[in-house]
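S.K.: In the numbering used here, the protein residues as written are 627 to 764.
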């Protein structure tokens with residue numbers, strides 16, 4: 627029942643237009659990224675931008691956080707479990723797609739703030755913008 631509720635809430639937030647934001651360090655080189663850049667990073671088609679290796683930072687799969695399902699469904703058309711499988715397949719093919727998964731949106735922001743080569747993804751409603759720059763993907 628909890629899984630169905632999570633899927634319903636995730637789909638509802640996508641349908642309601644809850645925007646996804648990229649979270650970047652204000653001191654980092656990634657202040658002008660597009661939706662296409664985001665998709666390429668998440669799929670592992672791009673692992674560097676401007677010659678810098680990008681560290682992806684996402685929330686963990688959770689019953690209460692909506693960011694990961696919104697990001698994977700909204701940007702890739704994949705369920706979170708399918709995205710996790712995609713990351714494992716990428717590793718087997720030698721593609722360095724290895725996102726860091728954090729417990730909370732605040733932890734995503736803290737990780738990105740501490741690493742200028744990191745890019746995080748959150749729902750705008752879950753992002754606080756503490757020490758980071760938020761880039762809208764709409």
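In this text, a Cβ means the ideal position worked out from N, Cα and C, and glycines have one as well.
Every value quoted in this text rests on a predicted model; they were computed, and no experiment measured them.
Please name the residue or residues paired with residue 650 in a DSSP beta bridge.
M.R.: Locating residue 650 in the chain shown gives position 24, where the first residue counts as 1. Answer is 745, 759, bridged to residue 650.
S.K.: What's the C-alpha gap between residue 651 and residue 763?
M.R.: In the chain shown, residue 651 corresponds to position 25, counting from 1. In the chain shown, residue 763 corresponds to position 137, counting from 1. When rounded, the distance between both Cα atoms is 16 angstroms.
S.K.: Since I believe residue 759 is in contact with residue 657 (beta carbons under 8 angstroms), could you give me their beta-carbon distance rounded to a whole number of angstroms?
M.R.: On the chain shown, position 31 is the one that residue 657 refers to. On the chain shown, position 133 is the one that residue 759 refers to. About 6 angstroms separates the two Cβ atoms, so the contact holds.
S.K.: How is residue 661 classed by DSSP in three states: helix, strand or coil?
M.R.: Counting from 1 along the chain shown, the entry for residue 661 is found at position 35. Helix at residue 661.
S.K.: Just to confirm the assignment, what range does the alpha helix (DSSP H) spanning residue 713 have?
M.R.: Numbered from its first residue, the chain shown carries residue 713 at position 87. Counting along the chain, the alpha helix (DSSP H) containing residue 713 begins and ends at 706-718.
S.K.: Compute the beta-carbon to beta-carbon distance between residue 668 and residue 682, rounded to the nearest angstrom, for a pair I have assumed lies under 8 angstroms.
M.R.: By one-based count along the chain shown, residue 668 stands at place 42. By one-based count along the chain shown, residue 682 stands at place 56. Their Cβ separation, rounded to whole angstroms, is 7 angstroms, which keeps residue 668 and residue 682 in contact under 8 angstroms.
S.K.: Look at the alpha carbon of residue 746 and the alpha carbon of residue 730, and state the distance between them as a whole number of angstroms.
M.R.: For the purposes of this step, residue 746 is identified with residue 120 of the chain shown, where counting begins at 1. For the purposes of this step, residue 730 is identified with residue 104 of the chain shown, where counting begins at 1. Each residue's alpha carbon lies about 12 angstroms from the other.
S.K.: By Cβ distance, which residues of its chain are closer than 6 angstroms to residue 726, with the 5 residues on each side in sequence left out?
M.R.: Locating residue 726 in the chain shown gives position 100, counting from the first residue. Excluding sequence neighbours, residue 726 sits near 683.
S.K.: Give me the residue from 728, 673, 678, 662 with the minimum Cα distance to residue 701.
M.R.: Your numbering for residue 701 matches position 75 in the chain shown. Nearest C-alpha to residue 701: 662.
S.K.: Residue 751 and residue 679: beta carbons closer than 8 angstroms?
M.R.: On the chain shown, position 125 is the one that residue 751 refers to. On the chain shown, position 53 is the one that residue 679 refers to. Taking 8 angstroms as the Cβ cut-off, residue 751 and residue 679 do not qualify as a contacting pair.
S.K.: Where does residue 681 fall in DSSP's three states?
M.R.: For this step, residue 681 is matched to residue 55 along the chain shown. The answer is strand: DSSP assigns residue 681 an E or B state.
S.K.: Quick one: using the 10 Å Cβ neighbour count with 16 as the cut-off for buried, is residue 719 buried or exposed?
M.R.: Here residue 719 refers to the residue found at position 93 of the chain shown. Label assigned to residue 719: exposed.
S.K.: Rounded to whole angstroms, what is the Cα-Cα separation between residue 753 and residue 690?
M.R.: Residue mapping note: residue 753 aligns to position 127 of the chain shown, counting from 1. Residue mapping note: residue 690 aligns to position 64 of the chain shown, counting from 1. So the two alpha carbons sit approximately 15 angstroms from each other.
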